[in-house]
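Those sequence lines, one after another, are chains C and X. In terms of the working numbering, the first sequence opens at residue 39 and continues consecutively. In terms of the working numbering, the second sequence opens at residue 38 and continues consecutively. Glycine residues also receive a C-beta, built at the ideal position from the N, C-alpha and C atoms.
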Amino acid sequence: MKVTLIDYGAGNVPSVERALRRLGAQVETTNGAEQIAAARCLVLPGVGHCAALICALDAHALRQPIREAIRRGTPFLGICLGLQALYESSEEAPDLSGLSILPGRVTRLPQNVKLPHMGWNTLTTTRPSRLLASIPADSYFYFAHSFAAPATGQQRAATCSHGREFIAVLEEENLCAVQFHPEKSGSAGVQVLQNFMRAAA
Amino acid sequence: MSLAHRIIPCLDTDGSRVVKGVHFEGLRDAGDPVELAARYNAEGADELVVLDIAAARDNRPTFLETIRRTAEQLAIPLTAGGGIRSLEQARAVVRAGADKITINTAAVQRPELLSELSAEFGAQAVVLAIDAKRDVNHWQVRIRGGREATPLDAAAWARRGVEMGAGEILLTSVDRDGTQSGFDIDLTAAISRAVSVPVIASGGAQVPAHFQEVFTRGCADAALAASIFHDQIQSIRALKEFLRNAGVEVRIPC
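Here is the structure:
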């Protein structure tokens with residue numbers, strides 16, 4: 039199947055691309071609005087500072103095509119910053135607005151724990167999840183972030199906790215996103231990507 | 038459940054081959070980095086570090102190719118470094134497939150490099166490597182592979198490095214490195230208390246009890262070792278099972 043990977047220059051684009059190809063996907067990497075509008079299936083990776091992502095989306099005029107693709111029902115997977123960008127705003131870049139597909143604000147994790155939240159952590163599943171199908175409940179996933187979305191919202195499928203609870207997996211119809219890095223999370227991460235591709239097919 | 042303690046094998050390379058030696062000297066061949074990376078990925082390593090420790094840095098393209106081929110084997114994070122002195126060199130390493138960049142001597146000489154890397158890649162991708170040696174009542178920072186002393190105090194330098202943009206500290210005890218006599222627990226605990234970011238302990242690991250000690254008394258978030266894994270003295274899975282039985286949270290993949 040063909041997957042369109044939104045390449046705004048994020049560091050993890052090559053590893054996401056490699057992971058999708060290993061699963062047999064035909065991967066198109068692009069920052070072109072037309073390619074995104076025409077995509078069968080979209081993946082927005084991201085790592086680093088959220089201002090870099092938002093500014094790159096604006097520089098390439100990708101806000102509208104991404105929002106419209108999600109509204110039309112195009113299967114979408116956001117990874118790490120690609121999850122955080124779905125919200126209205128982020129404390130990391132208070133002057134910029136996010137894609138505003140979901141209500142709420144991304145905030146910094148509490149200072150009473152080591153930040154970045156870096157390494158392998160487990161999830162608390164809050165409802166049945168397509169992305170987490172056939173993955174053992176005690177599996178670990180790789181996280182690398184200091185900011186996170188609220189743990190609330192009807193899209194919530196699983197949470198994680200580091201200083202506070204936050205959204206780790208969100209799913210609502212065609213819209214999916216994960217705070218961890220499935221491309222770096224061993225076999226459990228590979229299964230998440232495979233589950234996404236199966237649901238999108 | 039909470040964040041697992043990470044076990045990180047380290048591949049010291051001369052650019053293309055894994056090498057090893059005591060106190061950075063007397064190097065000998067210890068295998069192919071790509072083969073070792075595949076083995077550690079399968080055995081349940083939580084992350085991999087690949088360093089270019091060659092004295093002559095004229096083989097940069099070779100090292101980038103090593104990073105590329107190593108990254109191909111991995112479904113876990115990859116940290117790369119050794120001789121990175123500029124943003125441009127760091128970009129090449131990231132483009133080759135590294136998730137994080139580690140810098141050491143260059144950061145001591147020009148701390149602003151930490152800020153430049155952090156602005157470009159995010160703090161989570163910037164690992165400040167500190168080689169520390171005990172000096173009466175504190176630990177002194179050493180550079181150039183541990184050979185050259187600096188006036189810096191390791192704890193103060195770690196704090197400064199985090200302020201400048203480092204998202205993680207890779208802390209090597211020069212006294213313990215290569216000795217297999219255990220991690221420097223006091224050093225690790227002191228640095229871990231000094232900073233708000235994760236600390237990777239390195240230098241001196243041999244038996245599973247050394248890891249248990251550095252995770253509990255040493256307050257380390259991760260522990261790094263090389264030869265005990267390369268020589269198959271210690272399997273990663275058996276190490277993690279020991280730690281889990283000792284009450285230390287670790288990830289044991291199925």
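Kindly indicate which residue of the options has the alpha-carbon position closest to the one of residue i.
i	options	result
residue 224/C	140/C, 79/C, 177/C, 78/C	177/C
residue 139/C	94/C, 155/C, 116/C, 158/C	116/C
residue 239/X	162/X, 221/X, 74/X, 87/X	221/X
residue 210/C	228/C, 227/C, 238/C	238/C
residue 170/X	210/X, 203/X, 139/X	210/X
residue 107/X	84/X, 126/X, 148/X	84/X
residue 51/C	80/C, 155/C, 126/C	80/C
residue 146/X	114/X, 181/X, 265/X, 86/X	181/X
residue 152/C	182/C, 90/C, 66/C	182/C
residue 179/C	188/X, 141/X, 290/X	290/X
residue 204/X	78/X, 102/X, 139/X, 185/X	139/X
residue 226/C	47/C, 57/C, 48/C, 132/C	57/C
residue 155/X	89/C, 206/C, 205/C	89/C
residue 173/C	99/C, 229/C, 235/C	229/C
residue 160/C	72/C, 93/C, 82/C, 216/C	216/C
residue 214/X	241/X, 197/X, 229/X, 278/X	241/X
Can residue i and residue j be called in contact, C-beta distance under 9 angstroms?
i	j	result
residue 136/X	residue 166/X	no
residue 200/C	residue 118/C	no
residue 262/X	residue 46/X	yes
residue 208/X	residue 224/X	yes
residue 75/C	residue 123/C	no
residue 110/C	residue 127/C	no
residue 129/C	residue 145/C	yes
residue 44/X	residue 186/X	no
residue 150/X	residue 87/X	no
residue 49/C	residue 85/C	yes
residue 131/X	residue 100/X	no
residue 91/C	residue 120/C	yes
residue 243/X	residue 217/X	yes
residue 89/X	residue 142/X	no
residue 231/X	residue 255/X	no
residue 104/X	residue 81/X	no
residue 148/C	residue 202/C	yes
How should residue i be labelled, buried or exposed, when 16 other C-beta atoms within 10 angstroms of its C-beta is the threshold for buried?
i	result
residue 117/X	buried
residue 166/C	exposed
residue 42/X	buried
residue 284/X	exposed
residue 275/X	exposed
residue 45/C	buried
residue 197/C	buried
residue 270/X	exposed
residue 202/X	buried
residue 162/C	exposed
residue 246/X	exposed
residue 221/C	buried
residue 154/C	buried
residue 98/X	exposed
residue 110/X	buried
What does a CB cutoff of less than 7 angstroms around residue i pick up in its chain, not counting 5 residues either side in sequence?
i	result
residue 168/C	209, 233, 237
residue 175/X	190
residue 135/C	126, 127
residue 123/X	none
Enumerate in chain order the residues of its own chain whose CB-to-CB distance from residue i is below 6 angstroms, with the five nearest sequence positions on each side excluded.
i	result
residue 78/C	40
residue 54/X	66
residue 75/X	110
Kindly indicate if chain D contains any beta-carbon less than 9 angstroms away from that of residue i.
i	result
residue 104/X	The structure shown contains no chain D; its protein chains are C and X.
Note down, in chain order, each residue of its chain lying with its Cβ closer than 8 angstroms to the Cβ of residue i, except the 5 sequence neighbours on either side.
i	result
residue 55/C	43, 65, 67
residue 268/X	67
Next item on the list: Identify every run of the alpha helix (DSSP H) within the segment 41 to 91 of chain X, keeping only runs that are complete inside it and at least 4 residues long; order them along the chain.
Entry: 70 to 80
Next item on the list: Run through the segment 138 to 193 of chain X for me and flag every whole beta strand (DSSP E) of 3 or more residues, listed as ranges in chain order.
Entry: 163 to 172, 175 to 180, 185 to 190
Next item on the list: Go through the segment 176 to 222 of chain C residue by residue and report every complete run of the beta strand (DSSP E) that reaches 3 residues or more, in order.
Entry: 178 to 183, 194 to 200, 202 to 210, 213 to 216
Checklist line | Whole runs of the alpha helix (DSSP H) within the segment 216 to 267 of chain X, excluding any shorter than 4 residues | finding: 222 to 231, 245 to 253, 264 to 267
Check: Whole beta strand (DSSP E) runs in the segment 118 to 146 of chain C with 3 or more residues, listed along the chain?
Finding: 143 to 146
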